[in-house]
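Asks:
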Amino acid sequence: MIALIRDYGPQLLRGAWLTIVLAVVSMLIAMVVGLGIALLSSSRFLAVRILIRAYVDFFRGTPLLLQLFFIYFVFPEAGVYLSPVVAGVSALSLNYAAYLSEVYRATIDAVDHGQWESATTLGMSRALAFRRIVFPQAFKIAVPPVGNYFIAIFKDTALVSTITVQELMFRTDSLASTTYEYLPLYTVAFVMYFAISYPASLLVRWFERRLSRRVSVSTPAGV
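Counting in this note's numbering, the sequence shown runs from 10 upward without gaps.
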């Protein structure tokens, strides 16, 4: 076991690093896109609301793996060629943006409508009221589910190994299929995935506590 880790550890670590990069980049994109989708879902234009609803329902109603294959294998038939990494990030981002948009929409709706009225009374525009009053409170509510999706995306990066992205799962599977050391290699992969996701979950909890204190202090007393 020790010799195997010594021989193949560097390859697995490179795969783990790519897994982290894929997860973080995809999640950041998904958070931004998801917020945009959530805001557009309340557009006064019916056509926009229909398109947004179709997007969310499509990506939530179809498997992520199929979306990944479609982007990587079908898009080239339309002249759109993406590298495995870009295709993987695109699929993860688009899929998670659909889920996060629903989280944002629900948390924004959860903020008491009186907050809008109080902010307007203080002379704030609707955009300023959203940025300074409503969104901080909505984001505080959204942190736990967003944090759960952040942990989940680390594990879902394993799917991009199917299009030859050399992240942790791809490298583990490649080494196991050539060395036949299935038990030790897959055990190490288990440990490495847990070593990534568990500290991330602790970070999310810390951020949730910190944000809770910060919002309670920064929210105006009369709002």
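Each residue gets a CB set at the ideal place from its N, CA and C atoms; glycine is no exception.
Please name the residue, chosen from 23, 114, 181, that lies closest to residue 197 on a Cα-to-Cα basis.
Replies: 181
Asks: What number of angstroms, rounded off, separates the C-alpha of residue 206 from the C-alpha of residue 155?
Replies: 14 Å
Asks: I'd like the ranges of any beta strand (DSSP E) spanning at least 3 consecutive residues and lying wholly in the region 143-187.
Replies: Whole beta strand (DSSP E) segments, 3+ residues: zero.
Asks: Below 8 Å, can you find three or more Cβ-Cβ pairs linking the region 98-107 to the region 65-80?
Replies: Yes: the two stretches touch, three or more of their Cβ pairs being nearer than 8 Å.
Asks: For residue 53, which of helix, strand or coil comes out of DSSP?
Replies: Coil at residue 53, not helix or strand.
Asks: Return the residue from the list 33, 104, 145 that minimises the CA-CA distance to residue 72.
Replies: 104
Asks: Mind checking which residues open and close the alpha helix (DSSP H) that includes residue 98?
Replies: From DSSP, the alpha helix (DSSP H) with residue 98 extends over 93-119.
Asks: Kindly list the residues whose CB is nearer than 6 Å to the CB of residue 20, restricted to its own chain and excluding five residues on each side of it in sequence; keep chain order.
Replies: 180
Asks: Going by the CB atoms, is the gap between residue 113 and residue 47 shorter than 9 Å?
Replies: yes
Asks: Looking at the secondary structure, which residues open and close the alpha helix (DSSP H) in which residue 78 lies?
Replies: 73-78
Asks: Quick check: the Cα distance between residue 93 and residue 24, rounded to an integer number of angstroms?
Replies: 14 Å
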